[in-house]
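Numbering (my numbering), first residue to last: 6 to 179. No residue lacks a Cβ here, since even glycine has one placed at the ideal position from N, Cα and C.
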């Protein structure tokens, strides 16, 4: 048994790095934990990096003098790439978040009372109420609203503006 393990050992000559299933299994058993620990210096997904390196070694099929050294080099390079990609993604996300100039968290005093808003919408005449609901909650265009209500585009827009003015007045909004 010791001779079989020695033959599968990555440092033994003779097989010249051929990577069949048994050899990959032996390489995994011998080096996976160390490779994961090694990769964790640079990225937050060391097991994934180790698995990718082993898959690549299996596809490669041989021709390596020292598969263990090759694995450590590949794991190192992939882990560094993953860490860089994560930092770059975070930097881009932060920059994108800061570019949204008009966005700010809602302040308690800026919040609209839902019950008051519902009461204000219910006070609108039916034709104005259906236009407001179709535009704000339905996301319809004024052309679609006009077709629905049987009026011109400009009439739909005027009714919408009139309804918003009524809502602002009733809710005491600027």
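- Counting C-beta pairs with one atom in each stretch, the segment 129-142 and the segment 152-163 have three or more that are closer than 8 Å, which means they touch.
- Going by C-alpha positions, residue 90 is about 31 Å away from residue 31.
- Rounded to the nearest angstrom, the Cβ distance from residue 36 to residue 69 is 14 Å, too far for a contact under 8 Å.
- Excluding five sequence positions before and after residue 88, the CB atoms of its chain that fall closer than 6 Å to its own CB belong to 47, 48, given in chain order.
- One thing to note: residue 51 has its Cβ within 7 Å of the Cβ of residue 41.
- Of the candidates 121, 176, 168, 168 places its Cα closest to the Cα of residue 141.
- Relative to residue 86, the option among 149, 171, 53, 179 whose CA is nearest is 53.
- Under the DSSP assignment, residue 56 falls in the alpha helix (DSSP H) whose first and last residues are 51-65.
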